[in-house]
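This report refers to the structure that appears directly beneath it.
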Amino acid sequence: MQVFKAFLKVLRSKFGAAIIYIALFFLVGILMTKSGTDESVWEKSKMKLVIEDLDDTPESRALTEFISKDNTIIPAFANEDDLTDAMYYTTVDYAVTIPKGFSERLAAGETEGIFECRHIHESYAQVNIQMQLEKYINTVAAYQALGKSTQEASQAAVAALSKEANVELLQKENETKGENSELLTFFRYMPYILLSVIMNTLSPAMIAMNRKDFRYRTDCSGISPHSYTMQIFGASALYVGGIWAVFTLAGGIINGTMYTGRLWLAVLNALLFALFSAVLAIFVSEFSPSDNVVSILTQVATLGMCFLCGVFISQSLLGSGVLSAAKFLPAYWYIRVISMLNGELAFDAGEVALALGIEAGFIAVFVLLAVLVRRSRVTSAVARKAMA
Amino acid sequence: MFRHNLAYELKEVLRVREFVLWLMLFPIILGTLFKVAFGSIYSSELFDSIPVAVVKTSENAVADELLKALTEGEEPMLAATFTDAENAKQLLLDGDAEGILTIGESMELTVARTGMIPTMLQEIVSRCKLYETVIRDAIATDPASVETVVAKLSAEVNACREVSPAADNPDVYVQYFYNLIAMVAICGNMTGLHVSTNNQANQSQLGARKNCSATPKGIYLTAGLLGSCIAQSVSMVLCVTFLRFVLRVNFGGSLLLLYLAAILSGCLGVAFGFFIGSIGKMRHEGKSAIAITVSMALCFLSGLMMGNIKGILATKAPWVNRFNPVAIISDSFYCLNMYSDYRRFITKIIGILIYITVFTVLGVLFTRRKKYASI
Amino acid sequence: MKPTVVKIDNLVKRYGELVALDHFSLEIKEGEIFGLLGPNGSGKTTTINCLLSLLSFDKGEIEVFGREMTPTSYDIKREIGVIMQNVAVLDELSVRENIDYFCGLYIADKEKRKACVEDAIKFVGLEDFVNFRPKKLSGGLLRRLNIACGIAHKPKLIILDEPTVAVDPQSRNRILEGIQELNREGATVIYTSHYMEEVEQICTRIAIMDKGRKIAEGTKDELKGMIRNSESVSIEILELPDDVREKIAHLPHVYETEYDGTKLTVRCSGGRHNLIRILAVLQEAELGFGRVYSELPTLNDVFLEITGTALRDSKE
Numbered sequence: 000m001q002v003f004k005a006f007l008k009v010l011r012s013k014f015g016a017a018i019i020y021i022a023l024f025f026l027v028g029i030l031m032t033k034s035g036t037d038e039s040v041w042e043k044s045k046m047k048l049v050i051e052d053l054d055d056t057p058e059s060r061a062l063t064e065f066i067s068k069d070n071t072i073i074p075a076f077a078n079e080d081d082l083t084d085a086m087y088y089t090t091v092d093y094a095v096t097i098p099k100g101f102s103e104r105l106a107a108g109e110t111e112g113i114f115e116c117r118h119i120h121e122s123y124a125q126v127n128i129q130m131q132l133e134k135y136i137n138t139v140a141a142y143q144a145l146g147k148s149t150q151e152a153s154q155a156a157v158a159a160l161s162k163e164a165n166v167e168l169l170q171k172e173n174e175t176k177g178e179n180s181e182l183l184t185f186f187r188y189m190p191y192i193l194l195s196v197i198m199n200t201l202s203p204a205m206i207a208m209n210r211k212d213f214r215y216r217t218d219c220s221g222i223s224p225h226s227y228t229m230q231i232f233g234a235s236a237l238y239v240g241g242i243w244a245v246f247t248l249a250g251g252i253i254n255g256t257m258y259t260g261r262l263w264l265a266v267l268n269a270l271l272f273a274l275f276s277a278v279l280a281i282f283v284s285e286f287s288p289s290d291n292v293v294s295i296l297t298q299v300a301t302l303g304m305c306f307l308c309g310v311f312i313s314q315s316l317l318g319s320g321v322l323s324a325a326k327f328l329p330a331y332w333y334i335r336v337i338s339m340l341n342g343e344l345a346f347d348a349g350e351v352a353l354a355l356g357i358e359a360g361f362i363a364v365f366v367l368l369a370v371l372v373r374r375s376r377v378t379s380a381v382a383r384k385a386m387a
Numbered sequence: 000m001f002r003h004n005l006a007y008e009l010k011e012v013l014r015v016r017e018f019v020l021w022l023m024l025f026p027i028i029l030g031t032l033f034k035v036a037f038g039s040i041y042s043s044e045l046f047d048s049i050p051v052a053v054v055k056t057s058e059n060a061v062a063d064e065l066l067k068a069l070t071e072g073e074e075p076m077l078a079a080t081f082t083d084a085e086n087a088k089q090l091l092l093d094g095d096a097e098g099i100l101t102i103g104e105s106m107e108l109t110v111a112r113t114g115m116i117p118t119m120l121q122e123i124v125s126r127c128k129l130y131e132t133v134i135r136d137a138i139a140t141d142p143a144s145v146e147t148v149v150a151k152l153s154a155e156v157n158a159c160r161e162v163s164p165a166a167d168n169p170d171v172y173v174q175y176f177y178n179l180i181a182m183v184a185i186c187g188n189m190t191g192l193h194v195s196t197n198n199q200a201n202q203s204q205l206g207a208r209k210n211c212s213a214t215p216k217g218i219y220l221t222a223g224l225l226g227s228c229i230a231q232s233v234s235m236v237l238c239v240t241f242l243r244f245v246l247r248v249n250f251g252g253s254l255l256l257l258y259l260a261a262i263l264s265g266c267l268g269v270a271f272g273f274f275i276g277s278i279g280k281m282r283h284e285g286k287s288a289i290a291i292t293v294s295m296a297l298c299f300l301s302g303l304m305m306g307n308i309k310g311i312l313a314t315k316a317p318w319v320n321r322f323n324p325v326a327i328i329s330d331s332f333y334c335l336n337m338y339s340d341y342r343r344f345i346t347k348i349i350g351i352l353i354y355i356t357v358f359t360v361l362g363v364l365f366t367r368r369k370k371y372a373s374i
Numbered sequence: 000m001k002p003t004v005v006k007i008d009n010l011v012k013r014y015g016e017l018v019a020l021d022h023f024s025l026e027i028k029e030g031e032i033f034g035l036l037g038p039n040g041s042g043k044t045t046t047i048n049c050l051l052s053l054l055s056f057d058k059g060e061i062e063v064f065g066r067e068m069t070p071t072s073y074d075i076k077r078e079i080g081v082i083m084q085n086v087a088v089l090d091e092l093s094v095r096e097n098i099d100y101f102c103g104l105y106i107a108d109k110e111k112r113k114a115c116v117e118d119a120i121k122f123v124g125l126e127d128f129v130n131f132r133p134k135k136l137s138g139g140l141l142r143r144l145n146i147a148c149g150i151a152h153k154p155k156l157i158i159l160d161e162p163t164v165a166v167d168p169q170s171r172n173r174i175l176e177g178i179q180e181l182n183r184e185g186a187t188v189i190y191t192s193h194y195m196e197e198v199e200q201i202c203t204r205i206a207i208m209d210k211g212r213k214i215a216e217g218t219k220d221e222l223k224g225m226i227r228n229s230e231s232v233s234i235e236i237l238e239l240p241d242d243v244r245e246k247i248a249h250l251p252h253v254y255e256t257e258y259d260g261t262k263l264t265v266r267c268s269g270g271r272h273n274l275i276r277i278l279a280v281l282q283e284a285e286l287g288f289g290r291v292y293s294e295l296p297t298l299n300d301v302f303l304e305i306t307g308t309a310l311r312d313s314k315e
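Residue numbers (numbering that gives the first Met the number 0), protein chains in the order written: chain A, 0 to 387; chain B, 0 to 374; chain C, 0 to 315.
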């Protein structure tokens with residue numbers, strides 16, 4: 000068990016860097032999972048608005064009240080630039096300024112350019128809010144035409160506008176919308192953290208164990224190569240299993256749920272991905288790069304895979320070309336399973352099994368590749384020696 | 000003496016395999032992946048006519064009028080397909096329509112999901128109710144005025160006067176490229192770290208040898224830093240050029256200033272590494288691990304992995320963005336794009352310069368020591 | 000009287016509780032190959048590092064070429080060549096580039112430097128490897144590169160700190176011959192080692208260090224003359240009655256006998272016919288004995304007698 004123990008000790012020494020990743024992940028996990036919503040009943044989407052009422056008259060207040068009802072009002076920013084930044088990063092969809100003299104202009108029917116508006120993205124939210132504002136102005140004008148004062152017209156408009164059409168939300172068959180969506184959001188980001196942590200720790204540890212002098216010394220010792228491999232394998236399995244268990248437990252704790260029914264599929268899914276990460280880490284370590292190079296490769300692998308396969312950005316947003324390329328990466332199949340569990344896609348046991356099977360296939364392929372690389376590197380070293 | 004040191008510093012840096020891989024290959028690979036992944040997302044998020052299926056069960060003049068107003072014009076709100084109830088449902092489930100408008104006594108809406116587009120549809124359908132209410136009120140007060148009232152209601156007003164900031168490229172996904180450049184810049188810490196390791200007698204034998212030589216420490220330290228900055232600048236220029244001209248990422252703003260910001264950012268990375276390398280007695284490997292992990296954490300907080308984190312932080316903990324050097328770097332590119340006056344860009348550049356100065360000065364203060372208590 | 004090159008006076012260096020150098024003094028004259036001999040941890044490298052102004056020290060004075068040595072004494076440093084215990088070269092640069100780089104830290108003039116670099120390459124015999132990266136060199140060649148980097152600028156004072164650790168005998172001989180050659184060309188050499196054979200072989204003067212103190216100094220003959228021991232006689236003998244041993248112990252010049260059941264060791268100070276007298280006693284007692292040999296004292300004996308522990312035993 001010497002090799003086993005030594006390997007775990009080496010792993011422990013490489014673990015420092017992983018802690019910061021894990022801490023950040025939990026932080027974000029906590030931030031993100033709070034935003035999950037129940038999607039089984041109709042609910043309006045709220046727009047994020049900044050309203051600045053410089054007029055401060057009953058008319059302008061009526062408008063503010065109307066707009067505030069179904070939207071999220073963000074407090075005004077200290078300066079214009081902060082507002083611009085917030086609109087760029089879509090923490091604010093739209094900013095409206097009700098200028099001084101609003102009520103007079105409204106009374107006079109001068110509605111052209113009555114609001115000062117700011118937005119950055121030509122988004123649906125922006126079109127929607129603009130539509131609401133203009134609808135309001137039109138309604139007030141209509142009531143004014145009925146001989147009401149501006150103030151009365153404003154109140155009548157607010158009352159008339161509050162009558163909304165009913166919306167029927169059509170449910171797809173086989174759909175399990177809303178069930179444990181928070182926990183599944185947590186699982187959705189798991190490929191990133193599993194790959195980051197496992198590659199950043201397991202690869203350097205393997206490289207340390209594969210170092211030429213160290214290997215030679217071990218090869219010369221009484222331990223059989225088979226036993227050596229099994230011990231390394233056992234230690235890696237223990238480590239990867241431990242990481243996976245920690246995240247699975249943490250997911251349950253953060254979201255306050257027990258794993259039941261189909262959720263176990265998510266757990267299995269994560270285990271397969273953890274194993275894939277381990278195999279990839281071992282494959283990379285066969286080329287014995289330096290620790291710095293491992294860091295780069297980890298960044299490329301994690302960021303590339305997570306963006307292409309829809310970990311960070313929903314698969315539904317990615318183009319079909321990207322997705323067909325992503326099929327050659329395991330994270331794509333991982334996310335597919337999650338999508339089927341959270342109702343984004345129809346649940347199909349066969350499809351889930353297929354996706355899990357393909358993930359297992361990726362593991363097998365990389366095991367094979369790792370073995371091949373090791374063989375070729377060992378033989379080429381022997382050949383070099385023979386020539387020398 | 001100085002030129003000799005500088006020449007060898009450059010020779011050495013450019014032969015470090017990691018340097019070439021990290022700082023030259025890395026942005027090329029990731030940039031390409033980014034381009035592939037988000038090349039067209041932004042345009043899909045922009046407003047376009049909403050496809051709807053319309054099912055008519057009976058005549059409704061108000062609804063027809065409204066629908067006509069919404070489907071016509073240069074940039075219509077809706078793209079309507081008139082069909083029967085069965086087919087409409089299919090269209091909705093297949094995602095070919097965002098909603099079903101059923102026109103009968105009044106207008107009804109069926110959607111398959113929640114979200115901004117269905118919310119807009121509800122807004123539109125509710126207009127039908129509004130017309131009914133207003134017309135009813137009009138009939139109650141003054142039946143003759145109905146026509147005027149309807150005309151007022153459906154009048155086209157341009158109530159919103161746009162005073163929006165003029166972004167050269169509002170595509171929010173470009174910020175991933177900003178962060179990619181910022182990451183390459185901060186990774187300059189690798190070369191900066193070498194400078195402090197190789198020049199300190201208690202960090203390496205090489206440092207000891209240099210300390211014994213006839214060349215003053217200031218000279219080879221300056222040469223080392225300058226050499227690293229030059230090498231780093233080369234990789235920054237390469238990175239920006241690749242993203243801009245090969246991948247055709249539209250950064251907006253002045254390209255010349257973008258290059259300048261990128262180069263200064265690279266120097267910030269070098270200074271950061273130099274600073275990390277100069278504190279404490281830890282060995283090079285340990286410091287290198289710290290530098291890279293800290294850099295990655297800073298990149299994360301700047302939005303390299305999740306684009307909206309910067310927005311979240313701006314509201315929850317604004318000081319993080321203000322002090323995170325990676326965020327300052329990516330913000331400098333952003334400001335160049337977003338603001339036509341250079342006021343904010345200059346603020347960011349000053350922020351970068353302050354970081355460079357602080358890191359360098361602290362680094363020099365820590366390495367300035369000529370004698371060591373132990374080696 | 001040749002001028003003094005290095006003068007260390009009452010040097011004290013502490014690492015916390017540990018006293019690494021305890022009032023250590025030294026004077027080295029021009030043209031010497033000065034050996035600093037001592038077991039690991041005796042303070043040799045600390046002395047060198049203090050001498051080079053790399054380490055701060057608690058007390059004492061150091062002068063090189065008659066001037067005070069400080070970290071900014073670049074004119075002094077220009078005349079010093081240092082070869083550290085560990086190889087200190089840049090992995091990314093080739094053999095020639097490495098030598099040129101380090102030489103350039105001393106010599107600004109390009110033409111002059113070029114000649115120096117070529118001389119250094121020839122001197123260490125790396126002509127066939129000039130374009131190799133250090134990683135491709137064998138251990139011995141790497142050491143030679145390390146030396147070339149230290150001496151390329153033709154310094155007047157060369158400090159070698161255990162340059163032969165982990166070097167094969169062939170390379171070691173080459174290095175030792177090289178040092179003597181540099182010395183013949185006029186360089187003063189300070190050489191530290193725990194291999195006393197090397198020190199005996201090349202050094203003109205030697206200081207022996209132990210636990211941060213100088214315990215003896217002089218030429219090797221002077222050192223050997225300092226101790227009582229001038230001859231050790233060893234006799235393989237299986238049976239030795241106490242009275243016979245007693246008799247041997249009382250022979251003239253004999254000051255110590257040691258018997259472990261198979262071998263009798265007799266240490267004598269001075270005198271000429273020690274061996275014959277001892278053998279006469281044994282024959283008189285009609286005792287049979289095996290191999291007999293007589294050894295002249297080595298530096299190890301010097302160390303042993305002064306410190307009570309063998310230099311060899313304290314090696315790693």
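Each residue gets a CB set at the ideal place from its N, CA and C atoms; glycine is no exception.
Quick one: is residue i near chain B, going by C-beta distance under 8 Å?
i: Pro-168 of chain C; result: no
i: Phe-426 of chain A; result: The question about residue 426 of chain A has no answer, for chain A in this structure spans 0 to 387.
i: Phe-122 of chain C; result: no
i: Asn-182 of chain C; result: no
i: Trp-332 of chain A; result: no
i: Ile-21 of chain A; result: no
With 8 Å set as the bound, which would you pick, yes or no: does the beta-carbon of residue i sit closer than that to a beta-carbon of chain A?
i: Phe-322 of chain B; result: no
i: Phe-299 of chain B; result: yes
Near residue i, what residues of its chain come up, given a Cβ to Cβ distance below 8 Å and the 5 sequence neighbours on each side ignored?
i: Asn-127 of chain A; result: Met-46
Could you pull out every residue in the same chain whose Cβ sits closer than 7 Å to the Cβ of residue i, ignoring the five residues on either side in sequence?
i: Lys-246 of chain C; result: Val-280
i: Ala-441 of chain B; result: Residue 441 of chain B is absent from the model: chain B starts at 0 and stops at 374.
Using C-beta distances below 6 Å, list every residue in its chain close to residue i, excluding the 5 sequence neighbours before and after it, in chain order.
i: Ala-147 of chain C; result: Ile-98, Ala-119 and Val-123
i: Ser-192 of chain C; result: Glu-161 and Val-198
Can you find a C-beta in chain C that's less than 8 Å from the C-beta of residue i?
i: Gln-204 of chain B; result: yes
i: Ala-230 of chain B; result: no
i: Ala-200 of chain B; result: yes
Relative to the C-alpha of residue i, which candidate in the options has its C-alpha closest?
i: Thr-247 of chain A; options: A:Gly-233, A:Gly-303 and A:Ala-265; result: A:Ala-265
i: Ala-390 of chain A; options: B:Phe-25, B:Leu-361, B:Thr-118 and B:Ile-218; result: No statement about residue 390 of chain A is possible, as the shown extent of chain A runs from 0 to 387 and does not include it.
i: Arg-343 of chain B; options: B:Arg-321, B:Ile-278 and B:Ile-308; result: B:Arg-321
So for residue i, helix, strand or coil by DSSP?
i: Thr-221 of chain B; result: helix
i: Asn-9 of chain C; result: strand
i: Thr-259 of chain A; result: coil
Could you please tell me which residues of the region 233-249 of chain B, in chain order, have their CB closer than 7 Å to any CB of chain A? none
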